[in-house]
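Which chain is which? The protein sequence lines are A and B, in order. Following this note's numbering, the numbering of the first sequence begins with 69 at its first residue and continues without gaps. Following this note's numbering, the numbering of the second sequence begins with 5 at its first residue and continues without gaps. All C-beta atoms, glycine included, are put in the ideal place defined by N, C-alpha and C.
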Amino acid sequence: MNFHTCAKKSFAALLVASLVFGISACQGGGGTSSEASEGAASQAASGGKAVTLEFQQWWEEELPSGSLRKICDQFTKDTNINIKLLSNPYADTKTQIAAGAAAGTMADVVGLDGSWVYDFAKQGSIANLSDLMKQDNYDTAQLASQIQVDGKAYMIPVVNFAYPMYVNLDLLKSAGISELPKTWAEFKDDCVAVKKKNPQASGWIIQLSDNSPSGIQNCLMSWLWASGGNMLNNGKPSLTNNEKMTKTVDFVKSLFDAGVVASGATSMTEADMTENFINGRVAFMTDSLAHLVTIKKENPKLNFTTMGVPKMEGYTGKSGMDVANWGIGVSANSEHPREAMKFIEYLMSPEVNAQLAVLANAFPGSAKAEPDYSKADKLFSQTYDIYKAGYGINEFTGIPTSEDLMRSYSKQFQLYLKGEIKSADEMLANVQNEWEKAFQ
Amino acid sequence: MGKSISIKPSQTVKAKTKGRCENALPRSKKVRAIQVPEENASSIRHENNRWQRLKKKCEPYFYILPTSLLMVLLLILPIVMVICYSFFNNVIIEKSPSFVGFSNYLSILTDSEFANAIWNTLHFVCISVVAHLILGMLFAMLLNSSYLKRSTKTVFRVIYVLPWVFTASVIAILWKLMFDPNGVINYLIQAVAGPGIGHIEWLSSTSLALHAVTFINIWAGYPFYMISILAGLQGISYDLYEASALDGANMPQTFFRITVPQLKPILISLVMLDFVWTIQQFALIWMTTAGGPINATNTLSTYIYKQAFSKYQYSMASASSVIVLIVCTLIAIFYVRHQKASE
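Here it is, written out as structure tokens:
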């Protein structure tokens, strides 16, 4: 056999081998070839076919290393359904899910933020969970909440993150403040006192970067919600003729005018904001409770506490606390919707949900979960008590193009700060116009 | 004239069995051993020739088939899809979008934000390209200077090329930290000018943000020019400089009469490529200012991104992308023509 013949035969053998390998890998039940690398050769009880669910989320990045994998492995052990984790940071996950939704290649199960739900649901890229739950005879009473569009559930919040106000006690002490502010006026006075005593520091911080416009939701609207206000009325924008909203905008502007807000707000992201607090440059910050661990880890010497967002003068009712959630949904194109629903039910089961809540430093999405926070940070338990005394709220969840709504609000607010818009009423009328277009 | 050897299938076995002995026979004898009717031989010969010719014609296409398939899949198909999307309403969002002709283009071209994005893009691109050219030329000439030692030049070459080594995300984080109101730049300014100057909001001020982002892009992109121009400078014959020195030319004359004309083909290519690349710059802007504050740094790339991933207006995003595509294609055509002309 000469070299040429030998090479030809080897090539043919290689081709056949790769074909056989490819076919055997593809027979793994409609999944990708990487199923093999996942390890478990599982068989779904129903069809006798191996099933692997792709689960795209940002949670694994934010949970303690290996913990989500462990929870998923337990599910595989119980059900013989493999879970392939596709993990990326939050912003990347959003872009990838949006791209997957556009191309019809979304993962079977996706981690969702409440602000994305409306658009994906209208697009038809995420499945109607109400039907899936009905098919599975799932008792929806055990869910703390469901995110619905046109009366049908498309997302189930797995865990909820509260946004309390963090307070740098050292800065307050240096300004001679011994008591935490309870009203807007007290808050402003404290900020002015802190700024006067520490010119390099700031009283309050807000992030208004276009990169992630969530500052409007978490930093600005939290003032409104804490005083029992709302930005929607019957699910529609209600920004004009809304006294509390006008007062909120004017109050936040007054903080800017007083020079107590950290500079660089309009290009600041949530990470920058947290970084400023960690470095002791800010007295008050509204931020996710999920950052509690980060703050403690990055600056163990920082003397800080948490409190509820101060209320408007004269308001004595319950306070709404801004919440963000790690939600979950199923792709409308998934070949395994029943298995996907099983996985969601598993994550929402009281034990697993409680476990996730503790790991994420969050509040459970299951009404029956009883997380053991005994080992949690004292501040966490304290915030949980504040949360329970009021109610969780986030009106941006489940509304159309909510991120864009935040951007347009942010833009108008910045124009108002700059003086190009003369009054809060004019600014809110502009935002109302923009928002109404999205709701049409 | 000898007959060519054409073997019928039935004869093949016979010919094969004759083996080596027959192969050893002289050509004329072999021909005599396999007699084929003349008309059959002619038609088979004709068939074979046609097949050979076809094979020969197709062979080059088979070689380029994998690349062509990849190009169609990864390049042509997405472009065609985007062009199609731009003529429909609410693509992707709606299952059966309706054809709207040029309506999306009309909406885009009458959108004040798009006009603002074009203006910002032009500012960003023109200043970047000019600054890249000047800085690249300056540093390349410094590195090509005969007044510096080789080791010194090597050290500076590494330093000057460093910005090009970093990825856009690293550059964005680096400069965001430097331009922070509490960052190094403000610290240095305050150290020189005193604390009265305050915290300058480089990336947060509507009047400064675009300049700051353009500055970052200039910093990130000049090394490409520097390296290319340096290669060009090293290719210019020294005789030309000697001749100009003999003619009594001073430094500016030498630069404008010898160096620039000699580098002209490289410079034109660089400017055109940079123009296209800078129009498409997204990561750097998105990670520093994301188009803000109040659209102050909103360029075509961030405008398109927001249309697609914030407003979910994929049709509008496609229409704006097609407009950018047309501009880039025009530049590319000009570039190719220039390349051909210089050949």
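Does any residue of chain A bring its CB to less than 7 Å from the CB of B:Ala195? no
Could you compute how far the alpha carbon of A:Ser102 sits from the alpha carbon of A:Gln124? Bear in mind that a pLDDT of 36 at A:Ser102, under 50, signals an unreliable position, so the number given afterwards is only what the model happens to contain. Spanning the two alpha carbons is a distance of roughly 15 Å.
Counting only C-beta atoms, is A:Glu471 closer than 7 Å to chain B at any point? yes
Answer yes or no: do A:Ala400 and A:Ser193 have a C-beta to C-beta separation smaller than 7 Å? yes
From A:Asn310, A:Lys304, A:Ser476 and A:Glu407, residue whose alpha carbon lies closest to that of A:Met292: For the record, residue 292 of chain A in the displayed sequence is Leu; it is not Met. The residue with the shortest Cα to Cα distance from A:Leu292 is A:Asn310.
Chain A partners of B:Glu205, CB-CB under 9 Å? Ser331, Gly332, Ala333, Thr334 and Ser335
Is there a Cβ of chain B sitting closer than 7 Å to that of A:Asp141, yes or no? no
Between the alpha carbons of A:Pro281 and B:Ser314, how many angstroms are there, rounded? 11 Å
For A:Ala497, would you say it is in contact with chain B, using Cβ-to-Cβ distances shorter than 7 Å as the test? no
Does the beta carbon of A:Ala428 come closer than 7 Å to any beta carbon on chain B? no
Does the separation of the CB atoms of A:Met233 and A:Phe352 fall below 7 Å? yes
Considering A:Trp272, what are the terminal residues of the beta strand (DSSP E) in which it resides? Ser270 to Ile273
On the CB-based measure, 16 or more other CB atoms within 10 Å of its CB, does B:Val264 come out buried or exposed? exposed
Please report the residue range of the beta strand (DSSP E) in which B:Gly225 lies. Segment Ala213 to Gln238 is the alpha helix (DSSP H) holding B:Gly225; no beta strand (DSSP E) there.
Is the shortest distance between the beta-carbon of A:Met290 and the beta-carbons of chain B less than 7 Å? The sequence as given places Ser at residue 290 of chain A; Met does not occur at that position. No, its Cβ sits nowhere closer than 7 Å to a Cβ of chain B.
Compile a chain-ordered list of the residues in the segment 149–166 of chain A whose CB is closer than 9 Å to at least one CB of chain B. Lys162, Thr163 and Ala166
So for A:Lys369, helix, strand or coil by DSSP? coil
By how many angstroms is the C-alpha of A:Asn344 removed from the C-alpha of B:Ala144? 41 Å
Return yes when the Cβ of B:Tyr316 is within less than 7 Å of the Cβ of A:Asp278, no when it is not. no
Beta-carbon of B:Lys7 versus every beta-carbon of chain A: anything under 7 Å? Because B:Lys7 sits at a pLDDT of 42, beneath the cut-off of 50, its placement in the model cannot be relied upon, and the following sentence gives the value as read from the coordinates. No, B:Lys7 does not count as interfacial toward chain A.
Which of the three DSSP states, helix, strand or coil, is assigned to A:Glu463? coil
To the nearest angstrom, how far is it from the Cα of B:Phe219 to the Cα of B:Val129? 11 Å
Which one or two residues does DSSP pair with A:Ile151 in a beta bridge? A:Leu121
Evaluate A:Asp218 with the Cβ neighbour count: other Cβ atoms within 10 Å of its Cβ, from every protein chain shown; 16 or more gives buried, anything less gives exposed. exposed
Continuous beta strand (DSSP E) stretch holding A:Asn228: start and end: Lys220 to Ala230
Which two residues bound the contiguous beta strand (DSSP E) that contains A:Ala351? Val350 to Thr354
In terms of residues, what are the limits of the beta strand (DSSP E) holding B:Gly202? Looking at the DSSP string, B:Gly202 is not in any beta strand (DSSP E), and its letter there is neither H nor E.
Considering only the beta carbon of each residue, do B:Ala213 and B:Ala294 sit closer than 7 Å? no
Counting only Cβ-Cβ distances shorter than 7 Å, please list the residues of the segment 169–192 of chain A near chain B, keeping chain order. Ala170, Asp187, Lys190, Gln191 and Gly192
Suppose you measure from the CA of B:Thr282 to the CA of B:His136; what does that come to, to the nearest Å? 11 Å
Residues within the segment 94–112 of chain B neighbouring chain A, beta-carbon criterion of under 7 Å: Ile96, Ile97 and Lys99
Nearest neighbour of A:Val119, chosen from A:Thr147, A:Pro157 and A:Trp184 [CA to CA]: A:Thr147
Is B:Thr293 close to chain A, meaning its C-beta is less than 7 Å from at least one C-beta of that chain? yes
CA-to-CA distance, A:Phe481 to A:Lys162, given in whole angstroms: 25 Å
DSSP three-state call for A:Gly179: helix, strand or coil? strand
Counted within 10 angstroms of its Cβ, other Cβ atoms place B:Ser155 as buried (16 or more) or exposed: exposed
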